[in-house]
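This report concerns only the one structure given below.
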Amino acid sequence: MERHIMKKLIQWKNSKKKKPLIIKGTRQVGKTYIIRQFGKENYRNVLEINFERDLSAREIFQKTHDPKEIYEYFTYFALEERIDQDTLLFLDEIQACPDALTALKFIGEDFPCDIICSGSLLGVAISRTSSYPVRYVEVIEMFPLSFIEFLNALDINETVLRKVFDCVKNCEPIPELLHDKMNEYFSLYMVIGGMPEVVQEYIDSQDKKNCLRIQRAIVNDYLADMVKYSDATQAIKIRECFDSIPLQLAKENHKFQYSMIQKGYNARYFDNSLQWLKDAGIVIQTNRLAHIDYPLKKEVELSIFKIYMGDTGLLVSSFDDRDVLRIMQGEIGIYKGAIYENVVAQMLKRLSINAYYYEPNQYTEIAFVIDCLDGITPIEVKAGNHTTSKSFKNFVAKYKPQYAFRLSSKNIGKDEENGIYFYPLYALEFQFDTEALN
7 MERHIMKKLI QWKNSKKKKP LIIKGTRQVG KTYIIRQFGK ENYRNVLEIN FERDLSAREI
67 FQKTHDPKEI YEYFTYFALE ERIDQDTLLF LDEIQACPDA LTALKFIGED FPCDIICSGS
127 LLGVAISRTS SYPVRYVEVI EMFPLSFIEF LNALDINETV LRKVFDCVKN CEPIPELLHD
187 KMNEYFSLYM VIGGMPEVVQ EYIDSQDKKN CLRIQRAIVN DYLADMVKYS DATQAIKIRE
247 CFDSIPLQLA KENHKFQYSM IQKGYNARYF DNSLQWLKDA GIVIQTNRLA HIDYPLKKEV
307 ELSIFKIYMG DTGLLVSSFD DRDVLRIMQG EIGIYKGAIY ENVVAQMLKR LSINAYYYEP
367 NQYTEIAFVI DCLDGITPIE VKAGNHTTSK SFKNFVAKYK PQYAFRLSSK NIGKDEENGI
427 YFYPLYALEF QFDTEALN
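Under this note's numbering, think of the first position of the sequence shown as 7, with each following residue one higher.
Quick look at the structure:
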């Protein structure tokens, strides 16, 4: 399964001043698979250490941070293989050995080989490691499959993707038959999501119910991690926060409310638990803006935000069986706002675009405001073909952004009078991911 992160890994390998690389991301996004594939294709030898399985390796780092002693251990571990410049040292599940994270500061400079680390709860481990070697490592975050990667996995012809890309860049309508087909694929993507195992199951069986079974197994793995990597009291609170997310998004106002978890409780009680979910990469937080001014960061209201799932397919799988069945049949119902916003938040996060939302009053909301494309860019998200929004027009008229996007199921177009670009939801990545088709 082709992943765009491979390009970043090759760039890292070819860098003359590279440092040990940490690849973080949620469980089951494909980190181990892609590192093994990268190592196989680009190195003579790959030495893999799994800290959850190889207890002796964990003990070495607990005893010493001396590069010579650690190198000697790895030499014994490699047996007949030489550890040199054509070797990739892959330290997997490194969150199980915080001492190994600390030691990267020392071994990165003295080891002759390239070093890549990964782990399922690295964000949590890093946040808890006081001696994390910030300046001595590089970090790449890996996400579920993007929509373009999803299309590649379905073996969609590259000429077709190039046609969509060109139309988006030139703001020209996509041929209607192609546009309708892309809307179908995007609806499928929102249900299947981007977890590689789920996508592969769909490719193999074309059975959405099988995909749902795997999605829920992944969620159960998340729940197990909450117990494994936190104390008993916090694990309960983390799960309560996590379980509330579908309900938070199902209500008309998607703002995260602690009272929906337990009445009478506030941020002080649940903040650390919510932070754990963010550190783990399981959820995405989008804060509200108090005002529209540049730079946007200084206008953020830290205590008011929305929480989305890191994978929209996993969000869908968390609904009741009856609702999931309806969504699979194309009847999104009360969840349509939640699902559409969630997939946009997911795409913006993967593109490393900081996104916020704006709510000047209780009747008006701009779903996303980003600092991109030479200024402040508002994004409105609409389900179906209904795209009329007086509040969005008023926002554009007041702040006069160079670009304003309305995402829906409609084809590409532009409201010349109000300066608003219409794009299909599926076109968002084609607009912002300039390297996807290179």
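C-beta atoms are modelled at their ideal positions from N, C-alpha and C, and glycine is treated no differently.
> Taking the DSSP output, what are the residues bridged to residue 361?
Replying inline: What you label residue 361 is simply residue 355 of the sequence shown in a count that begins at 1. Paired residue(s): 376.
> When DSSP labels each residue in this structure, what does residue 430 get in the three-state scheme?
Replying inline: Counting from 1 along the sequence shown, the entry for residue 430 is found at position 424. Strand, per DSSP.
>> Taking 6 Å as the limit between beta carbons, can you name the residues of its chain near residue 298, skipping five residues before and five after?
In response: Within the sequence shown, residue 298 is the residue found at index 292, counting from 1. Cβ neighbours of residue 298 beyond the five flanking positions: 405.
> So residue 349 is in the alpha helix (DSSP H); what residue range does that whole segment cover?
Replying inline: Working through the sequence shown from its first residue, we reach residue 349 at position 343. Element bounds for residue 349: 342-356.
> residue 318 and residue 196: beta carbons closer than 9 Å?
Replying inline: Position 312 of the sequence shown, counted from the start, is the residue given in the question as residue 318. Position 190 of the sequence shown, counted from the start, is the residue given in the question as residue 196. Note that the C-beta distance between residue 318 and residue 196 is below 9 Å.
>> Could you tell me the alpha carbon to alpha carbon distance between residue 19 and residue 268, rounded to whole angstroms?
In response: Position 13 of the sequence shown, counted from the start, is the residue given in the question as residue 19. Position 262 of the sequence shown, counted from the start, is the residue given in the question as residue 268. Between the alpha carbons of residue 19 and residue 268 lies a distance of about 49 Å.
> For the candidate residues 102, 52 and 100, whose alpha-carbon lies nearest to that of residue 83?
Replying inline: Sequence index remark: in the sequence shown, residue 83 carries index 77 (1-based). Ranking the options by Cα distance to residue 83, first place goes to 52.
> Which residues in the same chain as residue 324 place their Cβ atom closer than 7 Å to its Cβ, once the five residues preceding and following it in sequence are excluded?
Replying inline: The residue labelled residue 324 in the question sits at position 318 within the sequence shown. Around residue 324: 225 and 252.
>> Let me confirm a value: residue 380 is counted as buried when at least 16 other C-beta atoms fall within 10 Å, else exposed. Which label applies?
In response: Locating residue 380 in the sequence shown gives position 374, where the first residue counts as 1. Residue 380 is exposed by the Cβ-count criterion.
>> By alpha-carbon positions, which one of 337, 27, 439 and 433 ends up nearest to residue 184?
In response: The residue labelled residue 184 in the question sits at position 178 within the sequence shown. Selected option, being the one with the closest Cα: 433.
> Taking residue 284 as the reference, which of 316, 110 and 435 has the closest Cα?
Replying inline: On the sequence shown, residue 284 is found 278 positions in, with the first residue counted as 1. Comparing Cα-Cα distances from residue 284 to each of 316, 110 and 435, the minimum goes to 316.
> Taking the Cβ atom as the reference point for each residue, do residue 231 and residue 296 lie within a distance shorter than 9 Å?
Replying inline: Your numbering for residue 231 matches position 225 in the sequence shown. Your numbering for residue 296 matches position 290 in the sequence shown. No, Cβ-Cβ distance for residue 231 and residue 296 is not below 9 Å.
>> Can you look up residue 438 in the DSSP assignment and give me helix, strand or coil?
In response: On the sequence shown, residue 438 is found 432 positions in, with the first residue counted as 1. Secondary structure of residue 438 (DSSP, three-state): helix.
>> If distances are taken between C-alpha atoms only, which option among 243, 213, 73 and 25 comes closest to residue 335?
In response: What you label residue 335 is simply residue 329 of the sequence shown in a count that begins at 1. Comparing Cα-Cα distances from residue 335 to each of 243, 213, 73 and 25, the minimum goes to 213.
> DSSP three-state call for residue 12: helix, strand or coil?
Replying inline: Residue numbering aside, residue 12 sits at position 6 when the sequence shown is read from its first letter. Three-state result, residue 12: helix.
> Buried or exposed: residue 61, going by 16 or more other Cβ atoms within 10 Å of its Cβ?
Replying inline: Position 55 of the sequence shown, counting from 1, holds the residue named residue 61. Result: exposed.
> Pick from 217, 54 and 106: whose alpha carbon is nearest that of residue 89?
Replying inline: One-based indexing of the sequence shown puts residue 89 at position 83. Checked all of 217, 54 and 106; the closest Cα to residue 89 is 54.
> Measuring CA to CA, which of 439, 376, 418 and 254 is closest to residue 408?
Replying inline: Taking the sequence shown and counting its residues from 1, one reaches residue 408 at position 402. Nearest in C-alpha terms to residue 408, of all of 439, 376, 418 and 254, is 376.
> Taking C-beta to C-beta, are residue 254 and residue 322 nearer than 9 Å?
Replying inline: The residue labelled residue 254 in the question sits at position 248 within the sequence shown. The residue labelled residue 322 in the question sits at position 316 within the sequence shown. No, the Cβ-Cβ distance between residue 254 and residue 322 is not below 9 Å.
> So is residue 45 buried or exposed if we call it buried at 16+ other beta carbons inside 10 Å?
Replying inline: Along the sequence shown, one-based indexing puts residue 45 at 39. With 16 or more other Cβ atoms within 10 Å, it is buried.
> Using the beta-carbon count (16 or more within 10 Å), is residue 238 buried or exposed?
Replying inline: One-based indexing of the sequence shown puts residue 238 at position 232. Taking all protein chains shown into account, residue 238 has fewer than 16 neighbouring C-beta atoms within 10 Å of its C-beta and is therefore exposed.
>> Looking only at its chain, what residues have a beta carbon closer than 6 Å to the beta carbon of residue 438, apart from the 5 residues adjacent to it on each side?
In response: Taking the sequence shown and counting its residues from 1, one reaches residue 438 at position 432. Excluding the 5 residues flanking it on each side, residue 438 has same chain C-beta neighbours closer than 6 Å at 357, in chain order.
> When the Cα of residue 102 is compared with those of 10, 276 and 57, which residue comes out closest?
Replying inline: The residue given as residue 102 occupies position 96 in the sequence shown. Cα-wise, what sits closest to residue 102 is 57.
> According to the neighbour-count rule (16 or more other Cβ atoms, all chains shown, within 10 Å of its Cβ), is residue 412 buried or exposed?
Replying inline: The sequence position of residue 412 within the sequence shown is 406, counting from 1. Residue 412 comes out buried.
> Ordered along the chain, which non-local residues of its own chain (more than five positions away) have a Cβ less than 8 Å from that of residue 355?
Replying inline: Locating residue 355 in the sequence shown gives position 349, where the first residue counts as 1. Excluding residues within five positions, the ones whose Cβ falls inside 8 Å are 149, 290, 316 and 361.
> Exposed or buried, what is residue 416 when buried is set at 16 or more other beta-carbons lying within 10 Å of its beta-carbon?
Replying inline: Position 410 of the sequence shown holds residue 416. Label assigned to residue 416: buried.
> Do you know whose CA, among 372, 378, 91 and 399, lies nearest residue 386's CA?
Replying inline: Within the sequence shown, residue 386 is the residue found at index 380, counting from 1. Here the closest residue by C-alpha is 372.
> What does a CB cutoff of less than 8 Å around residue 306 pick up in its chain, not counting 5 residues either side in sequence?
Replying inline: In the sequence shown, residue 306 corresponds to position 300, counting from 1. For residue 306, the CB contacts under 8 Å within the same chain, skipping 5 residues up- and downstream, are 293, 294, 295, 296 and 362 in chain order.
> By Cβ distance below 8 Å, which residues in the same chain neighbour residue 12 in space, the five residues on each side in sequence not counted?
Replying inline: As a first step, residue 12 is located in the sequence shown; it is residue number 6 there, counting from the start. The beta carbon of residue 12 sits closer than 8 Å to those of 40, 43 and 44, all from its chain and outside the five residues before and after it, given in chain order.
>> Does the contact criterion of 3 or more C-beta pairs under 8 Å hold for the region 155-164 versus the region 189-205?
In response: Using a C-beta cut-off of 8 Å, the region 155-164 makes contact with the region 189-205, since at least three inter-stretch Cβ pairs fall below that distance.
>> I need the straight-line Cα distance from residue 76 to residue 209, nearest angstrom please.
In response: Counting from 1 along the sequence shown, the entry for residue 76 is found at position 70. Counting from 1 along the sequence shown, the entry for residue 209 is found at position 203. Straight-line Cα distance between these residues: approximately 43 Å.
> If you count every other CB in all the chains shown that lies within 10 Å of the CB of residue 176, and 16 or more means buried, which is it?
Replying inline: The sequence position of residue 176 within the sequence shown is 170, counting from 1. Sixteen is the threshold: since fewer than 16 other Cβ atoms of the shown chains lie within 10 Å of the Cβ of residue 176, the residue is exposed.
>> What would DSSP say about residue 294, mapped onto helix, strand or coil?
In response: Start at 1 with the first residue of the sequence shown, and residue 294 comes out as number 288. Residue 294: strand per DSSP, three-state reduction.
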